[in-house]
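Enquirer:
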Amino acid sequence: MGVKVAVVGATGLVGRKILEVLQEKNFPIDKLYLFASQKSAGKTMMFKD
46 MGVKVAVVGA
56 TGLVGRKILE
66 VLQEKNFPID
76 KLYLFASQKS
86 AGKTMMFKD
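Residue numbers (our numbering): 46 to 94.
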């Protein structure tokens with residue numbers, strides 16, 4: 046059973062590192078919410094299935 050995870054600042058250095066660690070550790074995510082500044086609107090982020 047996964048958990049809901051939100052990453053604020055997902056396109057920034059720290060946000061990208063958090064996503065990298067979550068992926069490396071195979072963290073059980075049910076829903077992933079990514080938030081970033083308006084200048085990153087429309088940007089696509091890749092994360093494992």
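Just so you know, even glycine gets a beta-carbon here, dropped at the ideal spot from N, CA and C.
Nearest by alpha-carbon distance to Ala55: which of Val48, Asn71, Val66 and Gly47 is it?
Expert: Residue mapping note: residue 55 aligns to position 10 of the sequence shown, counting from 1. Out of Val48, Asn71, Val66 and Gly47, Val66 has the C-alpha closest to the C-alpha of Ala55.
Enquirer: Kindly indicate which residue of Val53, Pro73, Lys70 and Ile74 has the alpha-carbon position closest to the one of Gln83.
Expert: The residue you call residue 83 lines up with position 38 of the sequence shown. Taking only the C-alpha atoms, the option nearest Gln83 is Val53.
Enquirer: Using three-state DSSP, classify Lys49 as helix, strand or coil.
Expert: Looking up residue 49 in the sequence shown gives position 4. Strand, per DSSP.
Enquirer: Identify whether Ser76 lies in helix, strand or coil by the three-state DSSP scheme.
Expert: Translated into positions along the sequence shown, residue 76 becomes position 31. It is Lys, not Ser, that sits at residue 76 in the sequence shown. The answer is strand: DSSP assigns Lys76 an E or B state.
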